[in-house]
Amino acid sequence: MPDEKGHFGPYGGRFVAETLMEPIEELRQAYARYRDDPDFQAELEADLAHYVGRPTPLYFAKRWSEQLGGARIFLKREDLSHTGAHKINNTVGQALLAKRMGKTRLIAETGAGQHGVATATVAARLGLECVVYMGAEDIERQAPNVYRMRLLGAEVVPVTSGSRTLKDALNEAMRDWVTHVDNTFYVIGTVAGPHPYPVMVRDFQAVIGREARTQILEQLGALPQALVACVGGGSNAIGLFHSFCKDEQVALYGVEAAGLGLESGQHAASLCAGKPGVLHGNRTYLVENSHGQIIDTHSISAGLDYPGVGPEHAWLKDTGRATYVAISDEEALGAFHALTRIEGIIPALESSHALAYATQLAPTLAPEQGIIVNLSGRGDKDINTVAKIEGISL
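Positions 1 to 394 (UniProt numbering) are the ones given, in order, by the sequence shown.
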């Protein structure tokens, strides 16, 4: 747990304009009130079971494991959640909180579109107005998800400033929140931002790890040797890691986007190639230039294309509890095709980074050992991107 001001060691905290201090404090008090409230938790658990479709399966990828050799690979199937990604766990929780706070309007930012779709979905279900900010470049490469959001009744606002990706969308969402604090709840999609967002989003995503822990003990008869999850902002990874953090024998691997290679400078690997700084309301590792300015990032995966990371990951890196590695666009594409052809599962490009690292890790372990890979989302949204790279017109 962070300290009372939201610090994970030297990271986290609350770095925002004075105009946002009051709504953030209002949110902190509301979350502190409801996180242990039996009625709130009962409604959340019912929605996760009957609307989201939890628990999601833990699937033993037998053919893929046999081809790789070494450890057995299990996939936590968050891609089978309602809306097709882990993002729905968090948006259900935040939307229920917004309802109790009397807010009538949800805003969100999104990169790959999965968080935007999840926010639009819960807004439609609860009858709330919804506005989603999305970089113009991401709108182009995630067109199916943009259409889904609009079908659900959300207004999708293109952001044309900066690199026209997730970082810029988050800036615009913050500006909207400052202007409409009275009726608006800002649904942040990852474990970043000012306190209490990092711990609140982690708590809503921790259901992934709780389920996985029970399921692996049932199927493997032991804890896994390693957990592997992709890291952009880091919500799916923290969600998987949280229930295993005290099990020192379980290695935790977060996989960032190396893009065209760390040496190229065109990547989104803030933990592997960045340094500490302040962005979007919290102190964490960032991708910066020598003058401390945020630089444009690159990843084939829109959901990982972000220059920062959640502060709890920064703390896990510094303490050595978790190890962070980077996988290139090309390696992620290889894993995308491998899982699709061998197991009949089309993974999101975000998840493909974690899968690619698992292909390197599994052969180094023994056959009786297990690896859990968090399959954070399904790949339907990415088939246009993959086809375009391969010169295929759909």
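For every residue, glycine included, the Cβ atom is placed at its ideal position computed from N, Cα and C.
- For Val325, there is no enclosing alpha helix (DSSP H); the enclosing beta strand (DSSP E) covers residues Ala322 to Ser328.
- Membership of Phe204 in the alpha helix (DSSP H) is indicated by the continuous run Tyr197 to Gln205.
- Judged by beta-carbon spacing, Gln94 lies within the 8 Å limit of Val187, meaning their Cβ atoms are closer than that value.
- Leu355 is not a Cβ neighbour of Ile371, given a cutoff of 8 Å.
- With contacts defined as CB atoms closer than 8 Å, Leu286 and Ile294 qualify as a contacting pair.
- According to DSSP, residue pairing for Gly277 in a beta bridge involves Thr284.
- DSSP places Arg77 in the uninterrupted beta strand (DSSP E) bounded by Arg72 to Arg77.
- Here the alpha carbon of Gln249 sits roughly 12 Å from the alpha carbon of Gln369.
- Beta-bridge annotation (DSSP): Ile372 is paired with Phe74 and Leu227.
- Of all alpha-carbon atoms in Pro144, Lys5, Met149 and His180, the one lying nearest the alpha-carbon of Lys103 is that of His180.
- Looking at the backbone, the Cα of Gly13 and that of Tyr357 are separated by about 31 Å.
- Taking the Cα of Val52 as reference, the smallest distance to any Cα among Trp64, Asp39 and Glu78 is reached at Glu78.
- By the Cβ rule, the segment 239 to 246 counts as touching the segment 197 to 215, because three or more pairs are nearer than 8 Å.
- With fewer than 16 neighbouring CB atoms inside 10 Å of its own CB, Pro363 falls in the exposed class.
- Tyr197 is not a Cβ neighbour of Ala226, given a cutoff of 8 Å.
- Apart from the 5 residues on each side of it in sequence, Asp176 sits with its Cβ closer than 6 Å to the Cβ of Ile107 in its chain, given in chain order.
- With contacts defined as CB atoms closer than 8 Å, Ala112 and Ser301 qualify as a contacting pair.
- For Tyr31, there is no enclosing beta strand (DSSP E); the residue is part of the alpha helix (DSSP H) that begins and ends at Glu18 to Tyr34.
- Its Cα nearest to that of Ser163, the residue Asp296 stands out among Thr119, Leu96 and Asp296.
- Residue pairing of Leu252 in beta bridges, as defined by DSSP: Leu227 and Ala322.
- Cα atoms of Ala143 and Ser299: separation of roughly 17 Å, rounded to the nearest angstrom.
- Taking each of Asn289, Ala98, Ala173 and Ala332 in turn and checking the Cα distance to Arg33, the smallest one comes out for Ala98.
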